[in-house]
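Undergrad:
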Amino acid sequence: MSFVDLRIETERLILRPPTLHDLDRWAGMMADPLAARFLGGVQSREIVWRGMMTMIGSWAATGVGMSSMLEKGSGKWLGRCGPWFPLGWPGPEVGWGLHPDAWGRGYAFEAARVGMDYAVDVLGWTEIIHSIHPDNEPSIKLAKRLGSRLIGPKQLPPPFTEEPSNCWGQSASDWRRTGAGLSAGDASR
Numbered sequence: 004m005s006f007v008d009l010r011i012e013t014e015r016l017i018l019r020p021p022t023l024h025d026l027d028r029w030a031g032m033m034a035d036p037l038a039a040r041f042l043g044g045v046q047s048r049e050i051v052w053r054g055m056m057t058m059i060g061s062w063a064a065t066g067v068g069m070s071s072m073l074e075k076g077s078g079k080w081l082g083r084c085g086p087w088f089p090l091g092w093p094g095p096e097v098g099w100g101l102h103p104d105a106w107g108r109g110y111a112f113e114a115a116r117v118g119m120d121y122a123v124d125v126l127g128w129t130e131i132i133h134s135i136h137p138d139n140e141p142s143i144k145l146a147k148r149l150g151s152r153l154i155g156p157k158q159l160p161p162p163f164t165e166e167p168s169n170c171w172g173q174s175a176s177d178w179r180r181t182g183a184g185l186s187a188g189d190a191s192r
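Start counting at 1 in the sequence shown, then tack on 3, and there's your number in the numbering used here.
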């Protein structure tokens, strides 16, 4: 199966590699100061396009990258989520970023849970991290819901070297023991 054919469905979401059809909503997310605050800051449409190409290129070159998260009923792009491990990153990561109109509905938890399963069961990763700015309370809360623990500060590679980042994470065996049993109903924990 080619990476372009990958499609994972949850109760409410479709996760698939990003395409150019996602650009308008992705650019909208990155134009919002609150949404972009912990994702490298507000970016122009041209910079967002380059970021999308990085993610699409990651899929093409390595077979893994963050997925576009779509609302199952409408096909609306809600954000990006999933495993990726760019060169120089502090570890293999399951990360997320949501459009502001998708906040507070449990979508990030639902997608990240599937991303963790994919990282462990398909990719065979033995450790998974989440790089989170220390002030990003919603992402810290999500990492805790997933069963991850604070590992400590880690420096990210350029162009993020000036951004403070804490790594949260867990082992595959921890995920299999505790996190894999989480359901969408656990999103409110």
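All C-beta atoms in this analysis are idealised placements derived from N, C-alpha and C, irrespective of residue type, glycine included. All of these numbers come straight from a predicted model, not from anything done at the bench.
Going by C-alpha to C-alpha distance, which of S47, F41, E14 sits closest to R28?
TA: Nearest C-alpha to R28: S47.
Undergrad: With contact counted as at least three CB pairs below 8 Å, one residue from each stretch, are the stretch 36-54 and the stretch 10-18 in contact?
TA: No, they do not touch.
Undergrad: Below 8 Å between beta carbons: does that hold for N139 and G155?
TA: No, the Cβ-Cβ distance between N139 and G155 is not below 8 Å.
Undergrad: List, from N- to C-terminal side, the alpha helix (DSSP H) runs of 4 residues or more that fit wholly inside the stretch 96-120.
TA: Entirely contained in the stretch 96-120, the alpha helix (DSSP H) runs reaching 4 residues are, in chain order, 110-120.
Undergrad: Tell me the DSSP bridge mates of R152?
TA: R152 is bridged to G172.
Undergrad: Counting along the chain, where does the beta strand (DSSP E) carrying S71 start and finish?
TA: Note, S71: beta strand (DSSP E), 70-74.
Undergrad: Using the rule of at least 16 other Cβ atoms within 10 Å of the residue's Cβ for burial, across every protein chain shown, is G68 buried or exposed?
TA: It counts as buried.
Undergrad: Among K75, A175, D25, which one has its Cα closest to the Cα of R53?
TA: When each option's Cα is compared against that of R53, the closest is D25.
Undergrad: Can you find the residues in the same chain that come closer than 6 Å, C-beta to C-beta, to A100, ignoring five residues on each side of it along the sequence?
TA: Looking at the sequence itself, residue 100 is Gly, so the reference to Ala does not match. So the list reads L42, G82, R83, once near-sequence residues are dropped.
Undergrad: To the nearest angstrom, how far is it from the Cα of D35 to the Cα of R108?
TA: So the two alpha carbons sit approximately 19 Å from each other.
Undergrad: Going by the CB atoms, is the gap between I135 and W87 shorter than 8 Å?
TA: Going by C-beta atoms, W87 is not nearer than 8 Å to I135.
Undergrad: Can you give me the start and stop residues for the beta strand (DSSP E) that P86 sits inside?
TA: Where P86 is concerned, the enclosing beta strand (DSSP E) stretches over 80-87.
Undergrad: Tell me the DSSP bridge mates of L18?
TA: I11, M72.
Undergrad: From G118 to G182, what distance separates their C-alpha atoms?
TA: G118 and G182: Cα-Cα distance of roughly 12 Å.
Undergrad: Assuming L16 and K75 form a contact by the criterion Cβ under 8 Å, report the distance between their Cβ atoms to the nearest whole angstrom.
TA: Confirmed, Cβ separation roughly 6 Å.
Undergrad: How would you call S151, buried or exposed, if buried means at least 16 neighbouring beta carbons within 10 angstroms?
TA: Buried, because 16 or more other Cβ atoms sit within 10 Å of the Cβ of S151.
Undergrad: Take F163 as the anchor and find which of K147, P89, L73 has the nearest alpha-carbon.
TA: Looking at the Cα atoms, P89 is the closest of the given residues.
Undergrad: Using only CA atoms, which one of S71, E96, G85, S176 lies nearest to I131?
TA: Ranking S71, E96, G85, S176 by Cα distance to I131 puts E96 first.
Undergrad: Going by alpha carbons, who is nearest to A175 out of M72, P21, E165, W128?
TA: Considering only alpha carbons, the answer is W128.
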